[in-house]
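Here the structure is laid out as structure tokens; the discussion comes afterwards.
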Amino acid sequence: MPLKDAFKEGLDTSAAAMITEHERLSSLYLYNAQTSQQSTSNYLTTTSFGFAVLLGLAQLGLQITSLLWPSAGMLAGLLLLGVIAFRRLVGRRIRATEFLRAINRTHNYFVQLNPELETFYWWPPYDDVPPYGSKIAALGELRDAIAALNSLFFGALLSVIFYVLLDDYRLAAILGIIALIAAWLLHRKYEEDIFTAAGKSAIKNEIFTRKAGLHHFSDRQRDEGEQASEP
Numbered sequence: 023m024p025l026k027d028a029f030k031e032g033l034d035t036s037a038a039a040m041i042t043e044h045e046r047l048s049s050l051y052l053y054n055a056q057t058s059q060q061s062t063s064n065y066l067t068t069t070s071f072g073f074a075v076l077l078g079l080a081q082l083g084l085q086i087t088s089l090l091w092p093s094a095g096m097l098a099g100l101l102l103l104g105v106i107a108f109r110r111l112v113g114r115r116i117r118a119t120e121f122l123r124a125i126n127r128t129h130n131y132f133v134q135l136n137p138e139l140e141t142f143y144w145w146p147p148y149d150d151v152p153p154y155g156s157k158i159a160a161l162g163e164l165r166d167a168i169a170a171l172n173s174l175f176f177g178a179l180l181s182v183i184f185y186v187l188l189d190d191y192r193l194a195a196i197l198g199i200i201a202l203i204a205a206w207l208l209h210r211k212y213e214e215d216i217f218t219a220a221g222k223s224a225i226k227n228e229i230f231t232r233k234a235g236l237h238h239f240s241d242r243q244r245d246e247g248e249q250a251s252e253p
């Protein structure tokens with residue numbers, strides 16, 4: 023018999039059920055993170071392939087003007103895929119936070135039984151932490167990478183279009199840079215709005231909150247909780 027199963031047999035039914043729930047939530051959290059990383063990897067592979075095709079066309083000796091519209095088409099396609107990937111990553115970050123909060127709730131059960139356990143948990147055992155949108159895992163960096171690429175592709179796409187329409191590469195470059203910055207700010211705004219809405223929606227499901235209290239925080243947990251609450 024595996025050690026963990028033997029351990030569970032020595033517990034009462036409620037404690038064994040909570041440990042099983044903790045294992046299930048941990049598996050779901052890891053699966054969510056791995057799926058996010060895999061989808062991002064697939065997107066980056068597609069991006070690399072698109073640029074490789076464009077580079078191959080350029081090596082055929084074609085004029086740059088004849089590559090403008092193929093480049094615009096490729097950039098538009100990559101931008102569309104990038105927007106979809108970014109939205110999915112934001113959604114997976116919300117689910118990851120939900121899983122972590124649910125894990126904290128199982129910790130709360132054991133702290134209720136034995137308050138001394140509180141000092142052994144990294145996060146305080148409350149279901150209103152971590153905050154939505156916190157960059158406590160790789161998903162935050164993945165979102166930033168996708169947002170940066172989307173902004174770059176959007177700026178480059180508009181630069182190509184403006185160059186074709188205006189035949190002024192300096193003006194097209196300036197407008198492209200402005201579009202790049204605007205796209206980056208829109209990504210940040212969208213992300214912030216979604217996480218704010220998710221946080222407000224989750225309030226009704228929060229039971230064991232820091233405000234309600236349970237036991238004292240250790241110094242480390244208090245610092246972690248304060249840092250997690252910072253925007």
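Counting in my numbering, the sequence shown runs without a single skipped number right up to 253 at its last residue.
All residues carry an ideal CB built from backbone N, CA and C; glycine is no exception.
For residue i, tell me which candidate among the options has the shortest Cα-Cα distance.
i, options, result
"Gly99", "Gln134, Leu66, Ala118 and Thr128", "Leu66"
"Val105", "Lys233, Ser223, Asp215 and Trp206", "Trp206"
"Gly221", "Ile41, Ala94, Tyr154 and Arg232", "Tyr154"
"Tyr53", "Arg114, Thr141 and Phe230", "Arg114"
"Ser61", "Tyr51, Arg192, Leu103 and Ser36", "Leu103"
"Ala38", "His129, Ile168, Phe230 and Ile196", "His129"
"Ile229", "Arg123, Ala55, Ser93 and Arg46", "Arg123"
"Arg127", "Ser88, Leu79, Glu45 and Arg210", "Glu45"
"Ser48", "Pro147, Ala224 and Phe121", "Phe121"
"Ile203", "Ile216, Asn172, Asp189 and Leu50", "Asn172"
"Trp145", "Gly177, Thr231 and Ala224", "Thr231"
"Leu179", "Glu138, Arg109 and Ala195", "Ala195"
"Gly95", "Phe175, Ala224, Ile125 and Lys233", "Phe175"
"Ile225", "Tyr148, Thr69 and Arg165", "Tyr148"
"Pro152", "Asp34, Leu187, Leu90 and Ile125", "Ile125"
"Leu101", "Thr68, Leu188 and Ser36", "Thr68"
"Asn64", "Thr141, Ser36, Phe142 and Ala107", "Ala107"
DSSP three-state label for residue i, please.
i, result
"Trp144", "coil"
"Glu228", "coil"
"Arg127", "helix"
"Ala38", "helix"
"Pro152", "coil"
"Leu82", "coil"
"Asn136", "coil"
"Lys233", "coil"
State the start and end residues of the unbroken alpha helix (DSSP H) segment that holds residue i.
i, result
"Gly221", "Tyr191 to Ala224"
Straight-line CA distance for residue i to residue j?
i, j, result
"Tyr212", "Ser58", "19 Å"
"Arg182", "Leu76", "The sequence given here places Val at residue 182; Arg does not occur at that position. Their backbone Cα atoms lie some 14 Å apart in a straight line."
"Thr218", "Asp150", "13 Å"
"Tyr185", "Ile199", "13 Å"
"Leu111", "Glu163", "10 Å"
"Ala170", "Gly72", "17 Å"
"Asn136", "Met40", "14 Å"
"Gln56", "Tyr191", "42 Å"
"Thr87", "Ala167", "30 Å"
"Ala118", "Leu79", "42 Å"
"Ala74", "Glu43", "46 Å"
"Asp215", "His209", "10 Å"
"Val133", "Leu50", "23 Å"
Can a CB atom of chain D be found closer than 9 Å to the CB of residue i?
i, result
"Val186", "Absent from the structure is chain D; it holds one protein chain and no more."
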